[in-house]
Amino acid sequence: MNANRSRLAAYGPALFLSLLLAACGGGGGGSSATPTPSPTPTPSGPPALGPQCQSGSVARLALPTAAAAGRNQELALLACSGAQIDSVQWRQTGGTTLSLLSARSPALSVAPPQAGSYSFSVEFTDAAGTRHTGEAAITANAADASPMLIRGEPSVWSGGKTSLRAWIDSFAVADYDKATVRWSQVEGPATTLDATDSWRVIFTAPSVTQDSLVRLRATATMPDGRNWTQDFSLLVQPGPAMAAQALFDSSDPASRVYPYLTTSAHAAALRDCIYRPGLDSNNICTMARLPVLGQETQGALPTVDQVMARVMVSNDWMAQRFEAFLREQDAAGDFRRLLNATTAIVIGGRVRPAFYWSGTGAIYLDASYLWTTPQERDTVSETPDPRADYGNDLAFATLWRYVKNNQSAGGRSPVLERASRSTADLVGALGSLLYHELTHANDFLPARLHTVLNGSLRVYQATPANTASEMLRAQLPFKSQAMVDLGRVQFFGETASATQRAYTPTDIAGFFSTDVVTDDYNYSWPSGQPVPREDAAMLAEEALMQLRHGIVRDFAITPQFLTGASADQPVTWGQRGRVGDPAIKPRVALVLAQTMPWLPAGFVDGLAAPIQLKAGRTWGENLDQAALASGQVRPLSAKERALEADLDSRRRGARNARAELQR
39 MNANRSRLAA YGPALFLSLL LAACGGGGGG SSATPTPSPT PTPSGPPALG PQCQSGSVAR
99 LALPTAAAAG RNQELALLAC SGAQIDSVQW RQTGGTTLSL LSARSPALSV APPQAGSYSF
159 SVEFTDAAGT RHTGEAAITA NAADASPMLI RGEPSVWSGG KTSLRAWIDS FAVADYDKAT
219 VRWSQVEGPA TTLDATDSWR VIFTAPSVTQ DSLVRLRATA TMPDGRNWTQ DFSLLVQPGP
279 AMAAQALFDS SDPASRVYPY LTTSAHAAAL RDCIYRPGLD SNNICTMARL PVLGQETQGA
339 LPTVDQVMAR VMVSNDWMAQ RFEAFLREQD AAGDFRRLLN ATTAIVIGGR VRPAFYWSGT
399 GAIYLDASYL WTTPQERDTV SETPDPRADY GNDLAFATLW RYVKNNQSAG GRSPVLERAS
459 RSTADLVGAL GSLLYHELTH ANDFLPARLH TVLNGSLRVY QATPANTASE MLRAQLPFKS
519 QAMVDLGRVQ FFGETASATQ RAYTPTDIAG FFSTDVVTDD YNYSWPSGQP VPREDAAMLA
579 EEALMQLRHG IVRDFAITPQ FLTGASADQP VTWGQRGRVG DPAIKPRVAL VLAQTMPWLP
639 AGFVDGLAAP IQLKAGRTWG ENLDQAALAS GQVRPLSAKE RALEADLDSR RRGARNARAE
699 LQR
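Here the working numbering is used: the first residue of the sequence shown is 39, the next is one more, and so on.
Dropping the structure here:
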């Protein structure tokens, strides 16, 4: 659709702009490194930035004309027709300090806490690499009667799936159950909205040929007749050119990310080699262009600074939380040692599911695992894992959770509670995710190779002939072909057969309990892949969570449920800490010896024997095994039920079903 149809009635010339052609360094994303100044460009031609696009203009700014204290307001930098902008950096220069969580994206969403003037500077480069700087100001009027807010990532590429969430800031969570909510589009290229009657709306950004604004409106009506509305302006940009044989195609597009440290020696290679629409099988980088971290460290324990030089994010806070996690929660150094097998760490607000990829040698992490404040969470898309509906016609379901001291570890409080969490709270979810994905990385590229890698090869070409997964399959294989076949239904969307649909939870318990795996995801084995890769990753993940963090894993088989809470489902069969089963421990030892050779001999001997979950009791009742052992049942608290509800969506999506590039 032609972007000229976008009407910007709420955005006008009420802004102050000045073009400053001066020497400007690259943004450091919180880096302590000293930025390298850019050469001073020579002014020529028409203004690069102005209230409106003129002939030859590079960009323009769109700002609200009537801001209100306590309400979200969006500021956007739009490229003019035929122009390109890159390396954007916003800074606040006046007014009460605001949180600029997307300060390196082309658009900002802010909520001025009080009336007054707020000023900003914005820097960017054009297609020629010339740096431009402009200034803008908004004036927030006194707060009006409406407590409505809308939050979300304020910019997205054309065709990208994203979400927005509204809420009434000054009301208790219970009031949300009483409101009627309606979303509508006010301006911009036509957009199809899903679930227009809930507090959250999910949609795919429209196809555009130039930067455009889409303005959406949420209207909430309370039972007593109170009625409030609020708007959100989303900047939609044409995506970068996609390669003919793109590795990240329209069905699974790349997200906008950038190197966190622009002064990193790897910044240019990260941009070219890791996560962009133009990446295809012909231009994947070799390890001479972007070596794995272990080549740089020569197998030694990396410093946090060495890791951060390889981080790409869609917002700076994601890198800051990752850095804090490594400094505070990696006392044994396992995460950093495992990262030696990677070329990069990508963290994005729309990376879902998380995955490791032997094509690029990078891990790709969902930022929902890293936020620590509700404002950070606001910038993460709530679009679901695309595999969440696989296997719904089967008669059974599987549940999992991490548990410490008979309490759930790793869940998240409901969005509307606006709760924060510490880096320690991230261990249950982010820690297990890192162990999983980094086991994949060290399966494909084990530590013994890092000092002798051939730089002319790509990561997947350097994978040895006998990986941990291959050794596991050859020496200590799992047994159930029925579960492998079901895995292709659950994790790859194959159509279930009549026989598979007839399997009862008791049948599945029989297949699973007599085998030597820890989770049905161990059976995630796509047709055509020579060995199952998830088997090794699941074993290592559960073992390291227990041995390093004292967090054990529950797994259970229940009847299928498509509605209702998992906490209320009766357990047909289940175990806590299944990884400690004597028949499974030799398999764990094999994987760890190959992927984590720094671990001491006999490390797996520390795994506790499994505890059998109580059949017939609900999943929620099985959380507190100490209470059940004493003949009591402890009901879940409201917070525990909320944590279980948060896990439900992730359970149904499992983790990574992405096919690896094969040797």
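No residue lacks a Cβ here, since even glycine has one placed at the ideal position from N, Cα and C.
Per DSSP, cross-strand counterpart(s) of residue i
i    : result
K704 : Residue 704 lies beyond the residue range present for the chain, which begins at 39 and ends at 701; the question has no answer from this structure.
A680 : DSSP output for A680 lists no bridge partner at all.
A646 : DSSP output for A646 lists no bridge partner at all.
V351 : Y296, I385
V590 : V441
T461 : Answer by DSSP bridge pairing: none, since T461 is not bridged.
G172 : V160
R203 : R189, R238
T259 : T218, N265
Contacts around residue i, its chain only, beta-carbon distance under 7 Å, and the 5 residues preceding and following it disregarded
i    : result
T72  : Here the model assigns T72 a pLDDT of 34, short of 50, so the residue's position is not dependable and the matter cannot be decided.
L495 : T324, M325
A467 : Y407, G448
Q663 : N444, R614, I649
V569 : S507, E508, R511
F599 : A435, Q607
Q335 : Here the sequence assigns Thr to residue 335, which means Gln is not the residue at that position. So the qualifying residues of the chain are Q344, N378.
Rounded distance between the beta-carbons of residue j and residue i, thought under 8 Å
i    : j    : result
A560 : G612 : Per the sequence shown, residue 560 should be read as Asn rather than Ala. Contact doesn't hold; Cβ gap of about 15 Å is too wide.
G277 : V252 : About 15 Å; that fails the 8 Å criterion.
D354 : A141 : 7 Å
L514 : L630 : Not really, about 13 Å apart at Cβ, beyond 8 Å.
T380 : A303 : So it is not a contact: roughly 16 Å between Cβ atoms.
Cβ-based neighbour list, residue i, same chain, cut-off 6 Å, excluding 5 preceding and 5 following
i    : result
V465 : Q367, H587
S184 : W266
K199 : T242, T421
C311 : C323, L328
A605 : W657, G658, L674, R679, E682
F482 : S396, T501
S159 : R129, T131, E173
H474 : A575, E579
P297 : A305, L308, M350
Reduced DSSP category for residue i - H, G, I as helix; E, B as strand; rest coil
i    : result
T556 : coil
K623 : helix
E112 : strand
N480 : helix
L27  : With the chain represented from 39 up to 701, any question about residue 27 goes unanswered, as that position is not in the structure.
D235 : coil
S507 : helix
R456 : coil
L299 : coil
L187 : strand
M521 : helix
L609 : It should be noted that the sequence gives Val, not Leu, for residue 609. Looking at V609 - three-state DSSP - the assignment turns out to be coil, as it is neither helix nor strand.
S159 : strand
R539 : helix
Y313 : coil
A369 : coil
F530 : helix
P85  : Note that P85 has pLDDT 45, beneath the 50 cutoff, so the model's placement of it is unreliable and the number below is only indicative. It is coil, neither helix nor strand.
S70  : Caution is warranted here: a pLDDT of 35 is assigned to S70, below 50, making its placement in the model unreliable, and no coordinate value can be reported.
A307 : helix
T633 : helix
V490 : coil
Q585 : Checking the sequence shown, residue 585 turns out to be Leu, not Gln. L585: helix per DSSP, three-state reduction.
T247 : coil
T78  : Reliability fails at T78, whose pLDDT of 40 lies under 50, so the model's placement of it is uncertain and the value that follows must be treated cautiously. Coil.
Beta carbon of residue i nearer than 8 Å to that of residue j
i    : j    : result
W221 : A175 : no
V349 : G399 : no
V609 : A676 : no
A665 : A603 : no
T477 : A575 : yes
T134 : Q152 : yes
S288 : V246 : no
P597 : F434 : yes
P192 : A233 : no
I401 : A357 : no
T601 : L577 : no
Y440 : M583 : yes
Minimum Cβ-Cβ distance from residue i to chain C less than 8 Å
i    : result
Y440 : The question asks about chain C, but that chain is absent: this structure has only one protein chain.
Sequence-distant residues of the same chain with beta carbon closer than 8 Å to residue i, five excluded per side
i    : result
V527 : Y428, G429, L432, T533, A534, Q538
L317 : A281, A284, L285, F286, A292, C311, T398
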